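Undergrad: Pasting in a structure now, in structure tokens, and then I'll have a few things to ask.
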Amino acid sequence: MTHVPPRSLAQALWRGGRGHCPRCDGARLFAAWLRPVAHCPACGQDWRGHRADDFPPYLAILVTGHVMAPVIIELGLHTALSWPVMLALCLVMTVTLVLGLLQPAKGAVIALQWWLGLHGFAADPGKAGRPLSEPAIETRNRNET
Ligand SMILES: [Zn+2]
């Protein structure tokens with residue numbers, strides 16, 4: 056089965072952010088909530104080389120803070136909510152937003168690392184619009200002696 060490779064970084068990020076394989080868009084990127092699959096079942100891409108680490112939570116917190124700050128200010132200025140109600144409301148909205156953004160952020164970070172050839176994704180032949188007729192070849196740059 057031949058899948059269409061991404062033509063741009065934005066398309067790869069969109070695929071990863073939706074939880075799809077950034078390389079082929081033919082299968083899910085995650086086996087569990089934040090655990091990516093080892094290999095894409097559709098194109099064979101090895102996803103074990105990603106090093107997303109703390110960057111996805113950083114992005115989720117950054118976006119959540121920029122969304123919630125104006126919401127909290129508006130609630131404080133234009134509503135007559137008591138402080139326990141406002142605290143509970145803001146905590147629920149904040150936690151929901153952060154948890155909802157974690158997987159898309161991780162998918163996008165993995166797609167970014169794959170597109171740039173970082174870490175374990177060096178020289179993938181499936182980028183830049185080339186057809187994906189064969190499984191990805193693991194071409195890690197190992198400097199082992
Ligand atoms: Zn794939």
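If you read the sequence shown in the working numbering, its first letter stands for residue 56, the second for the next number, and so on.
We put the beta carbon where it would ideally sit given N, CA and C, even for glycine.
Keep in mind it's a predicted model, so treat the numbers as computed, not measured.
1) Kindly list the residues whose CB is nearer than 7 angstroms to the CB of F176, restricted to its own chain and excluding five residues on each side of it in sequence; keep chain order.
2) Cβ-heavy atom distance between H174 and ligand 1 below 8 angstroms?
3) Under 8 angstroms: does the beta carbon of G73 sit that close to some heavy atom of ligand 1?
4) Output yes or no for whether 9 angstroms exceeds the beta carbon distance between A160 and G72.
5) So does C145 have its beta carbon nearer than 8 angstroms to some heavy atom of ligand 1?
6) Select from A97, L84, L136, A163 the residue whose C-alpha is nearest the C-alpha of P112.
7) Identify every residue that forms a DSSP beta bridge with D101.
8) Closest to W102 by C-alpha separation, out of L136, C76, E129, would be which residue?
TA: Taking the coordinates as given:
1) G104, Q168, W169
2) no
3) Reading off the sequence, residue 73 comes out as Arg, not Gly. No, the Cβ of R73 stays beyond 8 angstroms of every heavy atom of ligand 1.
4) yes
5) no
6) A163
7) H94
8) C76
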